[in-house]
Amino acid sequence: MSIAENRRARYDYHIEEQFEAGVVLSGWEIKAIRAGQVQLTDGYVMIKDGELFLIGCRINALRSASTHVTPEADRTKKLLMHKAEIKRLVGKVEQRGFTLVPLNLHYKGGRVKADIALAKGKAQHDKRETEKKRDWEREKGQLMRHKVSAKG
Numbered sequence: 001m002s003i004a005e006n007r008r009a010r011y012d013y014h015i016e017e018q019f020e021a022g023v024v025l026s027g028w029e030i031k032a033i034r035a036g037q038v039q040l041t042d043g044y045v046m047i048k049d050g051e052l053f054l055i056g057c058r059i060n061a062l063r064s065a066s067t068h069v070t071p072e073a074d075r076t077k078k079l080l081m082h083k084a085e086i087k088r089l090v091g092k093v094e095q096r097g098f099t100l101v102p103l104n105l106h107y108k109g110g111r112v113k114a115d116i117a118l119a120k121g122k123a124q125h126d127k128r129e130t131e132k133k134r135d136w137e138r139e140k141g142q143l144m145r146h147k148v149s150a151k152g
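Following this line, the structure appears as structure tokens:
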């Protein structure tokens with residue numbers, strides 16, 4: 001079940017490969033995520049000292065958050081993956097000019113996981129092409145629905 005999706009990532013980037021990573025969260029963040037107080041739009045993944053970090057994922061604290069905890073909405077979250085996978089990602093990001101972007105947050109076995117993608121930025125003309133395809137698919141669907149309803 002998807003919690004939050006980064007739709008902008010598929011518009012701005014060519015997705016090459018997808019990976020799943022665990023997310024290190026604190027208790028108040030889990031409660032806020034269950035309440036739907038998460039935003040992934042401006043997020044990106046950074047590699048530092050052989051570890052992955054999710055930056056720009058905003059989790060707004062609930063009003064009923066504990067009094068002894070000071071919630072920070074834009075806290076950097078650590079991502080958990082196998083060391084061999086991280087090394088492979090580091091090589092591709094450094095050599096071939098790829099970037100790592102979060103695609104979505106979802107539940108798996110009661111835990112919050114993040115789908116991250118190895119991606120390359122799209123040029124402006126590629127973005128226009130994506131928009132044309134999306135518009136054509138929408139128009140085609142409307143024509144098919146109209147045609148089906150006209151027969152009946």
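Just so we're aligned, residue 1 is where the sequence shown starts under the UniProt record's numbering, counting upward by one.
Cβ coordinates follow ideal geometry from the N, Cα and C atoms, glycine included.
Computed from a predicted structure; not experimentally measured.
Identify whether Leu-105 lies in helix, strand or coil by the three-state DSSP scheme.
Start at 1 with the first residue of the sequence shown, and residue 105 comes out as number 105. Reduced to three states, the DSSP call for Leu-105 is strand.
In angstroms with no decimal places, state the Cα-to-Cα distance between Arg-128 and Ser-64.
As a working mapping, residue 128 is identified with position 128 in the sequence shown. As a working mapping, residue 64 is identified with position 64 in the sequence shown. Roughly 44 Å between the two C-alpha positions.
Residues in the same chain with beta-carbon distance under 7 Å from Glu-20, minus the five sequence neighbours each way, listed in chain order, please.
In the sequence shown, the residue the question calls residue 20 occupies position 20. Only Lys-113, Asp-115 meet the Cβ criterion.
Roughly how many angstroms separate the alpha carbons of Leu-105 and Ala-4, rounded to a whole number?
One-based indexing of the sequence shown puts residue 105 at position 105. One-based indexing of the sequence shown puts residue 4 at position 4. Roughly 5 Å between the two C-alpha positions.
In chain order, what residues of the same chain lie with their CB nearer than 6 Å to the CB of Gly-109, ignoring the 5 residues before and after it?
Within the sequence shown, numbered from 1, the residue matching residue 109 stands at position 109. Contacts found: none.
Enumerated in chain order, which unbroken segments of the beta strand (DSSP E) with a length of 3 residues or greater are wholly contained in the region 8-36?
Runs of the beta strand (DSSP E) inside the region 8-36: 13-23.
Where do the ends of the beta strand (DSSP E) carrying Glu-5 lie?
Within the sequence shown, numbered from 1, the residue matching residue 5 stands at position 5. Taken as a continuous stretch (DSSP letters only), the beta strand (DSSP E) holding Glu-5 covers 2-5.
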